[in-house]
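Asks: Provided herewith is a single structure, encoded as structure tokens, for subsequent inquiry.
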Amino acid sequence: MTDYDYEEMAAQLDRYAEVPDDVLSEVVARDGLCFWAFDRADFPQLSGETTPDRELAFRMCAGCPVIDECRELDLRTAGSDALGVWGALPDTDRRALCPVWLHRRQGGDAR
Ligand code: SF4
């Protein structure tokens with residue numbers, strides 16, 4: 003499995019740091035593919051009932067215009083309790099990304 007650069011992923015989300023939760027939530031619910039293009043309930047892996055993988059996450063979210071917003075929102079709301087697929091990442095990657103993202107938000111390496 004190729005290593006993902008979680009530092010780079012976290013840095014890419016810095017621009018959302020000041021965006022309120024409700025705004026992010028509204029944007030994701032309005033424009034996210036899985037909110038109108040298909041029914042997540044048809045895919046048990048997406049809710050974490052079975053373990054999703056990167057390929058499934060990549061395929062499911064391909065073309066979604068709010069991947070970063072979705073990823074940011076999930077990190078804020080689920081954090082290390084992440085399950086299923088959000089933001090084009092399986093829960094394993096979001097759990098690994100979470101401490102890196104949190105460190106930046108707490109003043110770690112935020113630029
Ligand atoms: S990034 Fe994926 S999980 Fe998030 S709204 Fe888009 S399609 Fe849904």
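Under this note's numbering, think of the first position of the sequence shown as 3, with each following residue one higher. Yeah, the Cβ is synthetic: ideal placement off N, Cα and C, and Gly gets one too.
(1) With a 10 Å radius around its C-beta and 16 neighbouring C-beta atoms as the bar for buried, classify P67 as buried or exposed.
(2) From A112 to D93, what does the alpha carbon distance come to, in whole angstroms?
(3) Measuring alpha carbon to alpha carbon, tell me which residue in V102, A64, Q108 and R107 is nearest E10.
(4) Rounded to whole angstroms, what is the Cα-Cα separation between T52 and D83?
(5) Can you tell me whether L15 is helix, strand or coil according to DSSP?
(6) Is any heavy atom of the ligand SF4 found at a distance shorter than 7 Å from the C-beta of M11?
(7) Counting only the same chain and skipping the five closest in sequence on each side, list residues whose C-beta sits under 6 Å from that of D89.
Replies: Taking the structure as given:
(1) Start at 1 with the first residue of the sequence shown, and residue 67 comes out as number 65. The residue is exposed, with fewer than 16 neighbouring Cβ atoms inside 10 Å.
(2) The sequence position of residue 112 within the sequence shown is 110, counting from 1. The sequence position of residue 93 within the sequence shown is 91, counting from 1. Unreliable positioning characterises A112 in this predicted model, as indicated by a pLDDT of 46, which lies under 50. The coordinate reading is nonetheless provided below. Near 24 Å, if we compare the C-alpha coordinates of D93 and A112.
(3) On the sequence shown, position 8 is the one that residue 10 refers to. Here the closest residue by C-alpha is V102.
(4) Locating residue 52 in the sequence shown gives position 50, counting from the first residue. Locating residue 83 in the sequence shown gives position 81, counting from the first residue. C-alpha separation (whole angstroms): 15 Å.
(5) As a position in the sequence shown, residue 15 is number 13, starting the count at 1. Note: L15 maps to coil in three-state DSSP.
(6) Along the sequence shown, read from residue 1 onward, the residue named residue 11 stands at position 9. No, since every heavy atom of the ligand SF4 falls outside the 7 Å radius drawn around the Cβ of M11.
(7) To locate residue 89, count along the sequence shown from 1; it is residue 87. Residue identity check: residue 89 is Gly in the sequence provided, not Asp. Contacts found: I69, C72, R73 and D76.
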